[in-house]
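Beneath this line is the structure, given in structure tokens, with notes to follow.
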Amino acid sequence: MQLLRRLISRLVGGAIMVLVVASFTFFLVRLMPGNPVAAEYNTLIMRGMTPTQAQNEVRVMYGYIPHEPLVDQYFHYLWQLLHFNLGQSISYEGVSVLHIVLSDAPWTIVLVFLGLITSFLLGVTAGVIAAVKRSTGLGNALTVSGSLLHGIPQFVVALLLAFLFTTLWPIFPFGAPYNANLTVGFNFPFLGSVAYHAVLPVAAYAISSYGGWLLTMKSSVISVLGDDFVLAAEIRGVKPRIRFGYIARNAILPLFTVFALSLGFMFGGSLFIENIFDYNGLGNLLVTSISNRDYPLMSGAFLFITMAVILSNIIADFLYSVVDPRIRRST
Amino acid sequence: MIAEQLPQPTTSAATLRRPSFLSIAWRVISARPSRMLGLAIIVFFALMAIVGPFLYPHNLPINPNAIYAPPSLRYPLGTDFEGTSNLALIVTGARYVLFAALMAALFTVFFGTSIGLVSGYFLGPTDTILMRITDFILTIPGFPLLVVLSTVWNFGQPIAMGFVLGITGWGGLARAVRSQTLSLRERGFVEAARGLGLPWWHIVFQEILPNIGPYIAMNLLVSITGGIYAEVGLFYLGVVPFHVNNWGVMLNLAVFTGGALQSPQALPYLLSPLVCILLLTLGVVLFLDAMDEMFNPRLREG
Amino acid sequence: MSLYDLAPTAEDAGIHIQNLTVSYDTDRGRFNALKNVTLDIRPRHITGFIGESGSGKTTLAMAMMNAIQPPGRIDGGAILLDGAGDVLQLRGEPLRRLRGRYFGFVFQASSNSLNPLKRVGAQLMDLGRSHGISDLRGLLREAKALAERIGLDGDRVLTSYQHELSGGMRQRVGLVFALVLKARILILDEPTTALDMLTQQAVLEIVRSIHQEQGLTTIVITHDMGVVAEMADRVVVMYAGRVVEEGPTFSLLTNPQHPYTQGLIRAIPRITGNLDDAKPLPGSPPDLATIPTKGCVFRERCYARTSVCDTVDPVPTSAHGDGLVMCHGVDAS
């Protein structure tokens, strides 16, 4: 019951956040210098359209008509959003934004997800070792590796990886998510090529967030090791394996709260990583849409990235409350 | 409690005659060569930002005969696409990068600290609303937001850049300051101040703020590096117009115009700013270790 | 009334501590938390360890289980346990088994000695698995009976998480954990701290009756003279990592020999009588870093200080019949 109530409140909170972000992009575009919506309308008139045709065209792109009062435009826009209509792209003429975003999203989500899993596993393991062996050389070395990698920005990691492993030592292919000569589909050579091409970008995600997991896990383990119940279990002669389980579960819990930050950070990194490794994902889409002044596409891509982060957070929060009885059974 | 086993440190003696902050700082920093190195790197880049632009003419000389020249005595870091010395570009570009990052850090600390303090001190509905906003700021992916904002905001001035970086980046600090405020407001001296009927601003700024000052100082340094990464990232992606020469512009031109990732000739142009960022990161990480020890004496045990 | 078979199963377990020295590594150097402690803990007795914070009483109890935590270290000595040999020589598996078989340590009420993420019952089963109990259901049944014996709602407690239990309940659950494997030695750390007066009384009564029924060797760590007076058969007075006086409770309380013990007793205010009669001990509790390495450790606060106290370590002198005291003042008389 407690769980359900918490989940519902999170979902409502998430919906409000999405609404705020959607409103933000709406007003951003409307308040842009030169009013791109009106400018688009004027361009269409100049191309010889009648005002009605031009109005309809703009409405398809943005979801509202340039000459309506602002409030009407806003509600028209939201109404369209509610029907998953994100408007139409300007640079890809006649293609709906939703279609473009949906076809690009899988690349981003798969890469971010793989990077997240890799960095989480590596970082958490290294964090435990760094905490347990904190007075030894190995522990110190791990901690230093964590702080350094935590400090290096993603584009530096990605650029260095690209330089080292595609130019200096060409072990991995440069650019493009797969070998263009292969037939796209569920066949072994194609999937192999996808995996091979994905190694560097996934490594870039993983390396840039490994340090964060390591440092958080280390401090969490150290704090749990100081808890009375760990000493109590030792004094009671509880088996080391069981005791390790006690420590691990308690130490991993606080990491759920880091999840939110980490995920936003990783999706932010997609702007660089997809750009450098030439993936058609959401991050690249956002950057190119801005260069192309394709504002409906920009709004759609940004909204989608935000929604992905918000949704993942709700899932993480739900899992957290399932695992922690102090939330699950709070009175 | 089991902690009783540990000998109690004599805090009374330590607080009676406290050595000056600078002498403590110096002792902690000089304790390890790595910290000295970190400090030296930071000072080096700070000096570069302050005096750098005075060392070179306003319009850097170009040399059509030395386009993408390799490192040499005349061009220690090679040259760019029009034969300008990369070293000159790095040195003159440091000011915008570091000044904007400093601005970003100041704005971050200003917003984060004031919201955290107010939220943690007043609690109730103020706290609820402020923390909702903080959660929102924390959840929205910051860098994509910056990229979107770049369509309406003019990033030409370092202050403008710093302001936007600050306003999108205060979430984490606000939350940390709030939780510290929460624990401080239950302490004896704050309760006493409240009991005396002192006004809230006195309690918040005179009693609580000095106690979290060190933590905020550490965050200032972390925020500066965060600011550097974000702004260099924006310039690298090319979503911000290139008003001034800086490291991010160099990266962008090296990769997208020079094709540095495929052709080795533009490589010095790419690696110069990259190595600078790595060096600065290294310096800050090494120095943070000293700040950690200065402000959290308890860490010395671990 | 006892649902639970409380008959003692193993032989009596006395503890013989010989020349035990424990030190702590701090950033200001290495300091002794216990120095040359020699002491016999008698089986079937309740022994009270009394002293101020930092006197080493908890360290002594942890050392008996060979559970000194870093940065602490056992520098020398032996702890002979009847039927098990020197505990300090054990490592790994044998030490783990011994802890489960012999010792039950009960944390004070304010500490969190349970894994917050697991139900009490599940943690009891972990304990059983760790010590080769095959009949886990039987173990839970016994735990439930024991819990009810000490005034808890057995079913509720076994299905609870730590955060659902009050401080007093946690302490009793700690008692269940300590006794469910039929430990021979029960150690209670500050059993009355953080409890209200009535609960304190209830806990002490439970401990006393279980001690008698099971024929335990019980150690009560406390800074409360009242607890010692009420519970203990014998008292060990500790100061700055040394046992300064030891003996039967009645004799020690009515005729304290060591100036420190005298001070502790004088410091107790009484309900009847003048509050001004209670005299606080002069000076402050010992700080391990400033304890003199030579001579008597108590001399800075002692009314009977002489020049010999500055240079010569006091040696144990027989007192209270079968007890001892470490003081030059007693030496001389």
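Residue numbers (the numbering used here), protein chains in the order written: chain S, 1 to 331; chain V, 332 to 633; chain R, 634 to 966.
All C-beta atoms in this analysis are idealised placements derived from N, C-alpha and C, irrespective of residue type, glycine included.
- When secondary structure is reduced to three states using DSSP, V670 of chain R falls in the strand class.
- The beta-carbon separation of R803 of chain R and S746 of chain R, rounded to 7 Å, stays under the 8 Å limit for a contact.
- Taking a beta-carbon distance threshold of 8 Å, Y399 of chain V does not count as an interface residue toward chain S.
- If you check the CB distance, I290 of chain S and V478 of chain V come in under 8 Å.
- Contact fails between the segment 291-302 of chain S and the segment 485-498 of chain V, because fewer than three Cβ pairs, one in each stretch, are under 8 Å apart.
- The beta carbon of E775 of chain R sits no closer than 8 Å to any beta carbon of chain S.
- Within the segment 564-580 of chain V, the residues whose Cβ lies closer than 8 Å to some Cβ of chain S are G564, Y567, L568, G569 and V570, listed in chain order.
- For V157 of chain S, no beta strand (DSSP E) segment is defined; the enclosing uninterrupted segment is the alpha helix (DSSP H) at Q154 to A162.
- Within its own chain, the residues whose Cβ lies closer than 6 Å to the Cβ of A204 of chain S, once the five positions on either side in sequence are excluded, are V157, A158, L161 and I273, listed in chain order.
- In the three-state reduction of the DSSP assignment, G579 of chain V falls in the helix class, which pools H, G and I.
- For L552 of chain V, no chain S residue has a C-beta closer than 9 Å to its own C-beta; the minimum C-beta separation is roughly 11 Å.
- Cβ atoms of D72 of chain S and N280 of chain S stay farther apart than 8 Å, at about 35 Å.
- Close to chain R, meaning a Cβ-Cβ distance shorter than 7 Å, are the following residues of the segment 236-266 of chain S: R236, G237, V238, K239, I242, Y246, R249 and N250.
- When S:F165, S:L4, S:H76 and S:V37 are compared, the shortest CA-CA separation from Q593 of chain V is found for S:F165.
- Comparing C-alpha distances from V853 of chain R to each of R:H891, R:V869, R:S842 and R:E846 shows the shortest one belongs to R:V869.
- Using beta-carbon distances, F229 of chain S counts as an interface residue toward chain R, with a partner under 8 Å.
- Listed in chain order, the beta strand (DSSP E) runs fully inside the segment 367-451 of chain V amount to none, counting runs of at least 3 residues.
- Unbroken beta strand (DSSP E) stretches of 3 residues or longer found wholly inside the segment 653-729 of chain R: 662-674, 679-683 and 705-714, given in chain order.
- Using a 10 angstroms sphere on the CB of S767 of chain R, the tally of other CB atoms stays under 16, which defines it as exposed.
- A direct Cα-Cα distance of roughly 8 Å separates I843 of chain R from L849 of chain R.
- Taking a 10 Å sphere around the C-beta of I608 of chain V, we find 16 or more other C-beta atoms and assign the residue as buried.
- Secondary structure of T457 of chain V (DSSP, three-state): helix.
- When 9 Å is used as the limit between beta carbons, P595 of chain V is near these residues of chain S: T167 and L168, in chain order.
- With respect to chain S, the C-beta atom of E823 of chain R has no partner C-beta closer than 8 Å.
- Sorting R:R932, R:L828, R:T825 and R:A922 by C-alpha distance to the C-alpha of V877 of chain R places R:R932 at the top.
- The segment 818-835 of chain R makes no contact with the segment 356-370 of chain V; the number of CB pairs closer than 8 Å stays below 3.
- V860 of chain R sits away from L808 of chain R, with the two beta carbons spaced by 8 Å or more.
- Take the alpha-carbon of E863 of chain R and the one of T832 of chain R: they are about 15 Å apart.
- Under the three-state reduction of DSSP output, R875 of chain R falls in the strand class.
- For V20 of chain S, the uninterrupted alpha helix (DSSP H) run begins and ends at Q2 to R30, by DSSP.
- L168 of chain S places its beta carbon 8 Å or farther from that of F277 of chain S.
- Around the CB of Q795 of chain R, 16 or more other CB atoms lie within 10 Å, so the residue is classed as buried.
- Annotation: Cβ neighbours of A232 of chain S in chain R (cutoff 7 Å, chain order): F740 and S746.
- Only those residues of the segment 303-318 of chain S whose C-beta falls short of 8 Å from the nearest C-beta of chain R would be listed, and there are none.
- DSSP links A952 of chain R through a beta bridge to R:G956.
- Taken through DSSP and simplified to helix, strand or coil, G557 of chain V comes out as helix.
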